[in-house]
Amino acid sequence: MSAPIVSVENLRIRFPTQDKRETVKAVDGISFAIEPGETFGVIGESGSGKSTLGRAVVCLLKPSDGRVLHGDTDPYTLPAAELRRRRRAYQIIFQDPNAALNPRMTILDSIREPLDILGEVPRAERNRRALEMLDRVGLRSDFAARYPHELSGGQKQRINIARVLTVRPRLVVCDEVVAALDVSIRADILNLFAGLQREFGLTYLFITHDLGVVSHISSRIAVMYLGRFMELGPAEALVRQPLHPYTEALLSAEPIPLPAAMRGARRILLRGEIPSPTDPPSGCRFRTRCPAARAVCATDEPEWRELNPGHFVACHFAGTVTGTAVQ
Ligand SMILES: Nc1ncnc2c1ncn2[C@@H]1O[C@H](COP(=O)(O)OP(=O)(O)O)[C@@H](O)[C@H]1O
Ligand code: SF4
Ligand SMILES: [Mg+2]
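Mind the numbering: the sequence shown is residues 26 to 352 in the working numbering, read in order.
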């Protein structure tokens, strides 16, 4: 098998709180690898550290501890110019379709901008490539002369995809890319992502708070809670037979997109809010909301165990606590 596109090794990312008196442990000890051509989904509630993880994977944030390897290289060991050159293979698309678009630039200029910055090919060739990408994301060439405010959210997200594809990335982090879009067009955009993946041999890190979205597109799924992975496994196994009470709760709360067989028979209501990442609970960090918590969960941190081949979980009672749902 070829080397992973990305290897994340015991990654920690900390931020000072606004008053600088405490530390936010946004990512707090995560390890995994993404294989070429796969879609690696990360799901979790808002505030669980997903965006921080995604930004670290594309070197927009430097690890506080641990490493992110691109192939077999730690990008931060490279000279600055080499780091910039390598980083282009690792791109990110954000939730807000406007985030990367300059309202004063035409669509063609926006798509061409990453190539302009690289400055490696003549302008005519850059224009040609930008127009080609406009076509690949399903928009007519007359969009080229328009401005962002003339486009819908879905069309803007297509432009954002075209922009990153111009530099021929190997991996694209998709951070809640359909969350801001009207429900009626989400499937179209997800299908576009899937089609472009096949066409360009892309690998995705697909971040979302919506299990319906991630189960639709991912080969593997990681479930994130307060800066840690709770469970990681093949998408189908994780959705059909979740091993962690948190995954079970997320699945049971899923409204429509999952087929009935994939939804838990009973609805599990998660108690309370996600705790503060400045001071995660002792032992298992999910224990304050877990319907299956016992005394040991407050004192001992659960190990990261491979319960089934390729299916990992951090829960003392994994495999024995499913069905602990409360009505
Ligand atoms: N630049 C930052 N400075 C301080 N805290 C941050 C910063 N970025 C994120 N955080 C905090 O880190 C935690 C994880 O945030 P984030 O990665 O955005 O989560 P998610 O994407 O899962 O909603 C949150 O508590 C958030 O407030
Ligand atoms: S270790 Fe305990 S608190 Fe944590 S998920 Fe498992 S049962 Fe719940
Ligand atoms: Mg986020």
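Beta carbons are placed, not taken as given, at the ideal position from N, Cα and C, and that holds for glycine.
Here the structure is a predicted model, which is why all the values come from computation and not from measurement.
Strand pairing of residue 172, partner residues [DSSP]: DSSP lists no partner for residue 172.
Sequence-ordered residues whose beta carbon comes within less than 5 Å of a heavy atom of ligand 2: Those residues having their beta-carbon less than 5 Å away from any non-hydrogen atom of ligand 2 are, in chain order, 270, 309, 311, 312, 315, 317, 318, 322, 327, 340, 341 and 342.
Separation of residue 271 from residue 202, as counted between CA atoms: Straight-line spacing of the CA atoms in residue 202 and residue 271 works out to 23 Å.
For residue 21, the three-state DSSP class (helix, strand or coil): Only positions 26 to 352 of the chain appear in the structure, and residue 21 is not among them; the question remains open.
Extent of the continuous alpha helix (DSSP H) to which residue 224 belongs: Going by DSSP, residue 224 is part of the alpha helix (DSSP H) stretching over 208-225.
Residue from 204, 84, 307 and 55 with nearest C-alpha to residue 2: Limits of the chain in this structure are 26 at one end and 352 at the other, which puts residue 2 out of reach.
Residue burial classification, residue 185 (beta-carbon count within 10 angstroms, cutoff 16): It counts as buried.
Residue 110 versus residue 253 - alpha carbon distance: About 30 Å.
Nearest candidate by alpha-carbon position, reference residue 170, set 162, 163, 156 and 178: Ranking 162, 163, 156 and 178 by Cα distance to residue 170 puts 156 first.
Contact belief for residue 302 with residue 49 at Cβ below 8 Å, rounded distance in angstroms: Right, the Cβ-Cβ distance comes to about 5 Å (below 8 Å), so this counts as a contact.
Residue of 59, 107 and 116 minimising C-alpha distance to residue 80: Of the candidates 59, 107 and 116, the one whose C-alpha sits nearest the C-alpha of residue 80 is 116.
Residue 102 Cβ short of 8 Å to ligand 1 heavy atom set: Not under cutoff, so the answer is no.
Segment limits, alpha helix (DSSP H) that includes residue 101: Segment: none, residue 101 is in no alpha helix (DSSP H) and carries neither H nor E.
Unbroken alpha helix (DSSP H) run spanning residue 330, endpoints: Secondary structure note for residue 330: it is in no alpha helix (DSSP H), and the uninterrupted beta strand (DSSP E) holding it is 330-333.
Whether residue 159 touches residue 187 by CB criterion (9 Å): Cβ distance < 9 Å, so residue 159 and residue 187 count as in contact.
Three-state secondary structure assigned by DSSP to residue 317: Of the three classes helix, strand and coil, the one that applies to residue 317 here is coil, per DSSP.
Span separating the alpha-carbon of residue 62 from that of residue 46: In a straight line, the C-alpha of residue 62 is about 43 Å away from that of residue 46.
From 295, 101 and 329, residue whose alpha carbon lies closest to that of residue 313: Residue 313 has its Cα closest to that of 295, out of 295, 101 and 329.
Any chain B beta carbon closer than 9 Å to residue 66: The question asks about chain B, but that chain is absent: this structure has only one protein chain.
Residue 288 versus residue 268 - alpha carbon distance: With a pLDDT of 48 at residue 288, under the threshold of 50, the modelled position of this residue cannot be trusted; read the value that follows with caution. Each residue's Cα considered, the two are about 14 Å apart.
Beta carbon of residue 215 nearer than 9 Å to that of residue 238: Result yes, Cβ atoms of residue 215 and residue 238 sit closer than 9 Å.
Separation of residue 206 from residue 338, as counted between CA atoms: Taking the straight line joining both Cα atoms gives about 32 Å.
Alpha helix (DSSP H) runs contained entirely in the segment 141-207, provided each spans 4 or more residues: Uninterrupted alpha helix (DSSP H) stretches at least 4 residues long and entirely within the segment 141-207 occur at 148-161 and 178-190, given in chain order.
Residue 341 to residue 127 span [Cα, whole Å]: Residue 127 has its alpha-carbon roughly 49 Å from the corresponding atom of residue 341.
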